[in-house]
Structure formats: C-alpha cells, structure tokens
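A quick write-up on the structure given underneath.
See the structure below:
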C-alpha cells in the first residue's frame, strides 16, 4: 500500500502512528505515546474477536481499523477513566434514557 511505505507492510500501523504523532503535534501536548508523565488514552482489542483470531499485531491493527461495523474493541480508557467495558459504554443506559426522553418530547410537540 502507498500509505504503508516501503519499510512497513501494515497500512493500519502507519495510519495509527501518524494519527498519534499528528495529534500530539497539533495539540502541543505530551500525548501519543505511553510514557511517564504523558496523558494516556488506551483502546483494548478483544483478541478472541473472530476478526482478530490468529492475526499478527499489525494484521490485527489493519483488521480493527478497516473492520467497518464489527468492532473488536472491548475496553477504552481515556484521561484515566474506564469509559467502555466489555464493548459497552459505561453511560450507555443513561444516554439511551436521555435520548428516549427527548425523542418522546419531540414526537409530542410535532
């Protein structure tokens, strides 16, 4: 792939590394790597997800990035907070309840 370049075979790895680096540069903050003193956002992939079984690390990145609707993400931490657990956002019920209330109010007022 043109995006991967001659030295790398994984387009997903190349894109992810560029996103981390670019995000850190654009924000002017120490982000984009897991080092002492840096803010960390972490995505954990489910290694038992059918789309990832038997894949190398780089191939798993490609499968995740280009997976479409079938995401193998199991957990997400952002700013030290565990926001997705076992594939479900921790506030999913509250978000749904708020959405349902707004939708019902809109329907009544139409």
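Residue numbers (our numbering): 768 to 877. Glycine included, each C-beta is placed from N, C-alpha and C at the ideal position.
- Here the alpha carbon of residue 850 sits roughly 10 Å from the alpha carbon of residue 859.
- According to DSSP, residue pairing for residue 845 in a beta bridge involves 808, 848.
- At a Cβ-Cβ threshold of 9 Å, residue 804 and residue 796 do not count as neighbours.
- Leaving aside the five residues that flank residue 841 on each side, the residues in its chain whose CB is nearer than 7 Å to its CB run, in chain order, 811, 812, 813, 853, 854.
- Nearest in C-alpha terms to residue 834, of all of 864, 875, 817, 876, is 817.
- Nearest in C-alpha terms to residue 820, of all of 870, 868, 839, is 839.
- Approximately 36 Å separates the beta-carbon atoms of residue 829 and residue 865; this is outside 8 Å, ruling out the contact.
- A Cβ-Cβ separation of about 6 Å places residue 846 in contact with residue 806 under the 8 Å criterion.
- The bridge partners DSSP lists for residue 840 are 812.
- Between the C-alpha atoms of residue 825 and residue 787 there is a straight-line separation of about 16 Å.
- Boundaries of the alpha helix (DSSP H) around residue 788: 778-794.
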